[in-house]
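Undergrad: Reminder that position 400 of the sequence shown reads as 400 in UniProt numbering, one-by-one numbering, no gaps. The structure that follows is given in the form of structure tokens.
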Amino acid sequence: MRDEEQEAGQPSTSPSTATKDHEDVNMEVDTRPAGARQSRLKRIFIDKSLLPECAHAEVTERLEALVAADLAWDKSEAHDILYAACSGFANAEENLTADNPMETTLGSVLNVPEIDNIVERKEGQALRFLIALVQQIDTESRQPDVMENEFALLMSFRDGAMLVMGQLMAGDVAGLDARLFNIAFSNAAYTMQIGEPLFTKLISVVHDHLGDQIDRVFNGLLTLQKTFLIKQSMVHQNDQYVVHPFQLVLTLLNMKVVDKATNTTIRPIPAVLCRRPDFNPEPVSSVGGRETEVLSYLGPFFAYSVPSEDRSPNLQQLFDVTEYPLDDERTAFYSPYRMRIANFRKYMSGIALALFGNAATRGPTLDYFAELIKRNAKRSQLRADFSKLAGHGFVFNVLSVNPKYPYTPKARLDIDEATRFQMDLQEARKFAAELFPSGSEVPADNFSTECFFLAMHCQNIGLNSALTRLKYIKREFADIKERIEGLNEQLQQHRQRAQQPEDPMAAFQANAIQQELDRTMKMRTRYLRVIMCYETLVMDEHFLDQTLFFSNKQLFFIIAQINEEFVIDGQLPDACPQVFAGYPEFYLENVVDLFSYLMQKAPGTLNSTAANEYAVRLLIFLCSNKLIKNAYLSAKIIEVMSLTTQIPHLWGQLASHPVAERLLFPSLIAFYAIAEERIDFYEKFSVRRNIQMIFKKMWENFGYRASMIQLARRCESDFIRFINMIINDATFLLDESLAGLKKVHDIEKLMSQTEQWAGLSQEEQQDKHSALDEAKRNVRSWLYYAKYTLDLLEYLTADASEPFLKPVLGERLAAMLDHNIKQLCGSKCSELRVRDAQRRFDWNPKELTTHVVSVYLNLAGETFADYMAKDERTYTPDMLNGVLTKLRDRNIVSAPYLERFTNLARIAEQIYKTKQNVDEELEDAPEEFRDPLMDTLMHDPVALPSGQVMDRNVIMRHLLTSKTNPFTRGPLEESELVPADDLRERIKAWVAAKMANRKQ
């Protein structure tokens, strides 16, 4: 093998060295005439058409002089000859061909028209000359009769060609434009005229001979590759052109040469790239996140993807659809783009690995990705302004550990603004200072540590941000669909009215509605295409598999800070570990969000053993109240567990774990109460619906059902409060559902009455339409949650009736049932009748009525009949008899149900009549015997710490909802209530005397 780094002009005189340099070189003394050597040199310039006319004479003359000098030549002379030859191209003629604007070319795609005729430009001619020269040198150097001194001379010309090429790239040859030469070089690389050997030799020679000028030489070429990719998008189907800059940069980054100073193999171009000012530029505006994508060197490379911006002008070219495709059809739409994205991600990954794999550039590259994450941290916010942040495609393309890394002073990531599991900002800073006191030695963080934490932070601004945004867009899309449905109804009504002479404005209003409908339909189509772009990225199963693999490691790492063996030993911590307490919540939240999404949209990815343990591992956070203070994060964990109930193998793993068997039910009951205090009023119903789904699945398991019944029968205070919240929820949800249905009925009835509707002003009509839209949304939402809550009541009362028969709960439940059965089957039930109820609202009054009757029957007996009779707001015998008539006449419930309900009604009526008589006798009770809140006779008076006396049932009902003193609003516990024994005995005596007088 030749030592191609040996300086030309100083051939070795040692036979062994010569053999090593070039085994095939003829080592005999060169006794041939100078003409023979001159002939060989001239052959490397054999195609004179590559040289400009003005350079022929000078090159020939200098070649002859060089040959005549025999062994006395200097290596620089070969370079000077070639420099002179290339300088002649400054005066060369250019016969440029005209572009065809209708033709797709490399130049039109990369937005550089010069590249299409670059070979005809003088810079292209110079490059073609040098490439041909190097190729001829390689051919001649392999000839069997080449002498050693000839070989050295040929190598001098080859190195000279590389040096001149470098000078041309840097703009150091007068009359020739560096940018155009680099365009020519790019084109030659794209068309395979320049291969890896020439790349390697070029980089080696420039590194050896130009030294610190290497940045000037290659930066122009690198800049062009970035420029070519700016504003590129997969919309245009030009991958065969766009791939060229990726390939060229990756080739440059991977080129290895020998550094003669250290005799080691190095890759110089990664360092060149990282020294560029635009590699990790400082932000120049308030939109640093977007700047990183557009202005940083790697930005355009990682941004190549499908558009994901809501206002992108190219969505129609990507998905030319107006209706949401079916599942199978969507796969056909998405797969081609996913394959293209996967292909380019190989190049992106290669570029990143080349930079990470170089020791000198590893740090700057980590800095770049860390800065990218910092500047785009707001992507994880619920209402992020994505016009100021990097796009989803960009962030998606970008994605033994030291657990204390985020706290180290040298950490590249900033978690100051992040919400922690248990610590606030000051506590976290104090903990970090204790871990690494000022002046102490900070341990070096290994590469895998930094990459691991960078990946966690990148996922936070990448996939999770996109999923949040997609959820928001789908919600908007649903609202638009609902709006279109409403506009169509309005349009139909106005067109009908336009036929009536008494409504002359109807035709004008119909036209206005039609225009608004057209605009809304266009908006719907746009939203649909945006959704499909998002799904192309986020529903890529290969990408999700990789993300799940990493997230599993992430979850294992988080739990390892608490109890690494939790899945095996099920041990919960006595206190929250400090390292875990200071971590950002999104370390766990991102994992939970991903798992939730996969279970709903891509359950096929969850068949691995790691996935089976996901929900089990999350038990540690739900069953220990010491780890997470954010109730919304706990609610997300509960959502994941509710979703596992629909995937048998996941639920089986979860339900059979000893921690679940011991703590899941009481933990869920506890969180049912937490949701009341720490979750937004409207969101708590969604959280509780998830808990109800888990309860239903547990109820189907005989082991869990037995423990649930056992807990219910103990009637402990926590369970009583839990049941009270179920009754509260059912009361609210049924009230809101039925009130909404009545509003829909009333407004639609008014709209169907032509004269009355026409009599309203346009503003009044618009108000009615807005009220109708709101009522429809409310009915759909509240009725959905009401069904789950009523279902929970139904099966709990069936097998665990004891808590419901306690006065504190039974009276409230009876009042709730009475009120709703009257609404459903009373004299005004026709007001709940709306058209197309099942399709529009999933509203089945017969089914709901049957559930209500079932709860009555589960508790049927004298005790519950007594509670019914005490319901002064709704219950009367006439009301309930009217309900029974309706149930019978319309065949709403089965005959056995009707018979049992009739018997319950009779018992309640008897108690009611007796109670009426007693109440009349006791209505003149002294003030001190009456409850101050309800103004009813007390039966079990208790004294409050503030001095007031109340009936125990009344204050207990209050404490179930709010643990406060109703008079002072201060905190109050049941244990603070003191029985008023003397007063109770006086009340008993007074009642006995009144009843004795009545009998007389």
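Glycine included, every Cβ here is placed at the ideal spot set by N, Cα and C.
#1: Decide if Glu-683 is buried, meaning its Cβ has at least 16 other Cβ atoms within 10 Å, or exposed.
#2: Quick check on the DSSP output: what are the complete beta strand (DSSP E) runs of length 3 or more inside the region 812 to 851, in order along the chain?
#3: When you compare the CB positions of Leu-738 and Leu-813, do they come within less than 8 Å of one another, or not?
#4: State yes or no: is the C-beta of Met-169 within less than 8 Å of the C-beta of Leu-221?
#5: What's the C-alpha gap between Asp-729 and Pro-281?
#6: Could you tell me whether the region 475 to 490 touches the region 515 to 523, where touching means 3 or more Cβ pairs closer than 8 Å?
#7: So, for Arg-689: in the same chain, excluding its five sequence neighbours on each side, which residues have a beta-carbon less than 6 Å away from its beta-carbon?
#8: Taking the alpha carbon of Ser-827 as the reference point, which residue from Met-995, Asn-881, Asp-172 has its own alpha carbon closest?
#9: Kindly list the residues whose CB is nearer than 6 Å to the CB of Ala-775, restricted to its own chain and excluding five residues on each side of it in sequence; keep chain order.
#10: How should Pro-11 be labelled, buried or exposed, when 16 other C-beta atoms within 10 angstroms of its C-beta is the threshold for buried?
#11: Please give me, in chain order, every unbroken run of the alpha helix (DSSP H) with length at least 4 that falls completely inside the region 613 to 670.
#12: Tell me the residue span of the alpha helix (DSSP H) that contains Ala-865.
#13: Since I believe Ile-461 is in contact with Asn-358 (beta carbons under 8 Å), could you give me their beta-carbon distance rounded to a whole number of angstroms?
#14: So, using beta-carbon positions, are Leu-944 and Leu-972 closer together than 8 Å?
#15: By DSSP, does Pro-113 sit in helix, in strand, or in coil?
#16: Given this structure, state the Cα-to-Cα distance separating Ser-296 from Glu-103, to the nearest angstrom.
#17: Counting only the same chain and skipping the five closest in sequence on each side, list residues whose C-beta sits under 6 Å from that of Ala-189.
#18: Quick one: what does DSSP say Val-949 is sitting in, helix, strand or coil?
#19: Going by alpha carbons, who is nearest to Leu-318 out of Glu-329, Ser-233, Ile-821, Leu-198?
#20: Does the separation of the CB atoms of Cys-623 and Ser-667 fall below 8 Å?
#21: Let me know if Ile-987 comes out buried or exposed under the rule of 16 or more other beta-carbons within 10 Å of its beta-carbon.
#22: Is Val-284 helix, strand or coil by DSSP?
#23: Output needed for Ile-46: all residues of its chain with C-beta closer than 8 Å, excluding positions within five of it in sequence on either side, in chain order.
#24: Any idea if Phe-586 is buried or exposed, counting beta-carbon neighbours within 10 angstroms, 16 or more meaning buried?
#25: Counting only the same chain and skipping the five closest in sequence on each side, list residues whose C-beta sits under 8 Å from that of Val-855.
#26: Do you know offhand how far Thr-644's Cα is from Asn-552's?
#27: Please determine if the region 568 to 578 and the region 626 to 637 are in contact, where contact requires at least 3 C-beta pairs separated by less than 8 Å.
#28: Note the first and the last residue of the continuous alpha helix (DSSP H) segment covering Ala-943.
#29: Going by DSSP in three states, Pro-932 sits in which element: helix, strand or coil?
#30: Three-state secondary structure (DSSP) at Val-173?
#31: Output the distance between the C-alpha atoms of Ala-418 and Asn-343, rounded to the nearest integer angstrom.
#32: Give me the Cα-Cα distance between Met-423 and Pro-577, rounded to the nearest whole angstrom.
#33: Among the candidates Ser-717, Met-751, Gly-810, Met-521, whose CA atom is the shortest distance from the CA of Asp-767?
#34: To the nearest angstrom, how far is the alpha carbon of Val-257 from that of Thr-468?
#35: Of the choices Leu-588, Tyr-324, Leu-210, Pro-245, whose alpha-carbon is the least far from that of Phe-557?
#36: Which two residues bound the contiguous alpha helix (DSSP H) that contains Thr-262?
TA: On the basis of the supplied data:
#1: Taking the sequence shown and counting its residues from 1, the one referred to as residue 683 is at position 683. Around the Cβ of Glu-683, a 10 Å sphere holds fewer than 16 other Cβ atoms; the residue is exposed.
#2: Along the region 812 to 851, the beta strand (DSSP E) does not occur as any fully enclosed run of 3 or more residues.
#3: Taking the first residue of the sequence shown as position 1, residue 738 is located at position 738. Taking the first residue of the sequence shown as position 1, residue 813 is located at position 813. Contact: no.
#4: Your numbering for residue 169 matches position 169 in the sequence shown. Your numbering for residue 221 matches position 221 in the sequence shown. Yes, the Cβ-Cβ distance between Met-169 and Leu-221 is below 8 Å.
#5: Start at 1 with the first residue of the sequence shown, and residue 729 comes out as number 729. Start at 1 with the first residue of the sequence shown, and residue 281 comes out as number 281. Distance from the CA atom of Asp-729 to the CA atom of Pro-281, rounded to whole angstroms, is 55 Å.
#6: The region 475 to 490 vs the region 515 to 523: in contact.
#7: Within the sequence shown, the letter at position 689 stands for residue 689. Closer than 6 Å at Cβ, skipping near neighbours: Tyr-785, Tyr-788.
#8: The sequence position of residue 827 within the sequence shown is 827, counting from 1. Here the closest residue by C-alpha is Asn-881.
#9: Mapped onto the sequence shown, residue 775 falls at position 775. Within the same chain, Ala-775 has close Cβ partners Gly-740, Lys-743, Val-744.
#10: Residue 11 sits at position 11 when you count from the first residue of the sequence shown. At Pro-11 the pLDDT is 33, less than 50, meaning the model places this residue with poor confidence; the figure from the coordinates comes in the next sentence. With 16 or more Cβ atoms within 10 Å of its Cβ, Pro-11 is classed as buried.
#11: Secondary structure remark: continuous alpha helix (DSSP H) runs of at least 4 residues inside the region 613 to 670, in chain order: 614 to 623, 631 to 644, 648 to 655.
#12: In the sequence shown, residue 865 corresponds to position 865, counting from 1. Element bounds for Ala-865: 862 to 869.
#13: As a working mapping, residue 358 is identified with position 358 in the sequence shown. As a working mapping, residue 461 is identified with position 461 in the sequence shown. So it is not a contact: roughly 26 Å between Cβ atoms.
#14: The residue you call residue 944 lines up with position 944 of the sequence shown. The residue you call residue 972 lines up with position 972 of the sequence shown. Yes, the pair counts as a contact, with Cβ atoms nearer than the cut-off.
#15: Walking along the sequence shown from the start, residue 113 turns up at place 113. Pro-113: helix per DSSP, three-state reduction.
#16: Sequence index remark: in the sequence shown, residue 296 carries index 296 (1-based). Sequence index remark: in the sequence shown, residue 103 carries index 103 (1-based). Using only the alpha carbons, I get a separation of about 31 Å.
#17: Taking the first residue of the sequence shown as 1, we reach residue 189 at position 189. Result list for Ala-189: Leu-248, in chain order.
#18: In the sequence shown, the residue the question calls residue 949 occupies position 949. The answer is strand: DSSP assigns Val-949 an E or B state.
#19: In the sequence shown, counting from the first residue as 1, residue 318 sits at position 318. Nearest option by C-alpha distance: Ser-233.
#20: By one-based count along the sequence shown, residue 623 stands at place 623. By one-based count along the sequence shown, residue 667 stands at place 667. Closer than 8 Å, so yes.
#21: Position 987 of the sequence shown, counted from the start, is the residue given in the question as residue 987. Ile-987 comes out buried.
#22: As a first step, residue 284 is located in the sequence shown; it is residue number 284 there, counting from the start. Reduced to three states, the DSSP call for Val-284 is coil.
#23: As a first step, residue 46 is located in the sequence shown; it is residue number 46 there, counting from the start. Caution applies to Ile-46, whose pLDDT of 48 falls short of 50 and renders its modelled position unreliable; the value that the coordinates give is listed next. Sequence-distant partners of Ile-46 (beyond 5 residues in either direction) whose C-beta falls short of 8 Å from its own C-beta, in its chain, are Gln-136.
#24: For the purposes of this step, residue 586 is identified with residue 586 of the sequence shown, where counting begins at 1. Residue environment analysis places Phe-586 among the buried positions, since at least 16 neighbouring C-beta atoms fall within 10 angstroms of its C-beta.
#25: Counting from 1 along the sequence shown, the entry for residue 855 is found at position 855. Contacts found: Leu-790, Leu-793, Glu-794, Thr-797, Leu-813, Leu-817.
#26: Locating residue 644 in the sequence shown gives position 644, where the first residue counts as 1. Locating residue 552 in the sequence shown gives position 552, where the first residue counts as 1. The straight-line gap from Cα to Cα measures roughly 16 Å.
#27: By the C-beta criterion, the region 568 to 578 is judged to be in contact with the region 626 to 637, since at least 3 inter-stretch pairs fall below 8 Å.
#28: Counting from one through the sequence shown, the residue named residue 943 turns up at place 943. For Ala-943, no alpha helix (DSSP H) segment is defined; the enclosing uninterrupted segment is the beta strand (DSSP E) at 941 to 943.
#29: For the purposes of this step, residue 932 is taken as the residue at position 932 of the sequence shown. Coil, per DSSP.
#30: The residue labelled residue 173 in the question sits at position 173 within the sequence shown. In the displayed model, Val-173 falls within coil according to three-state DSSP, outside both helix and strand.
#31: As a working note, residue 418 is residue 418 in the sequence shown. As a working note, residue 343 is residue 343 in the sequence shown. Residue confidence for Ala-418 is low, a pLDDT of 48 falling below 50, so the modelled location carries little weight and cannot support an answer.
#32: Taking the sequence shown and counting its residues from 1, one reaches residue 423 at position 423. Taking the sequence shown and counting its residues from 1, one reaches residue 577 at position 577. Residue confidence is low: Met-423 scores 46 on pLDDT, short of 50, so the model does not pin down where it sits. Its coordinate-derived value is still stated next. In a straight line, the C-alpha of Met-423 is about 11 Å away from that of Pro-577.
#33: On the sequence shown, position 767 is the one that residue 767 refers to. Per the C-alpha coordinates, the member of Ser-717, Met-751, Gly-810, Met-521 positioned closest to Asp-767 is Met-751.
#34: The residue labelled residue 257 in the question sits at position 257 within the sequence shown. The residue labelled residue 468 in the question sits at position 468 within the sequence shown. As the crow flies, the alpha-carbon of Val-257 is around 47 Å from that of Thr-468.
#35: Within the sequence shown, the letter at position 557 stands for residue 557. That would be Leu-588, whose Cα lies nearest to the Cα of Phe-557.
#36: Position 262 of the sequence shown holds residue 262. No alpha helix (DSSP H) contains Thr-262, which DSSP labels as neither H nor E.
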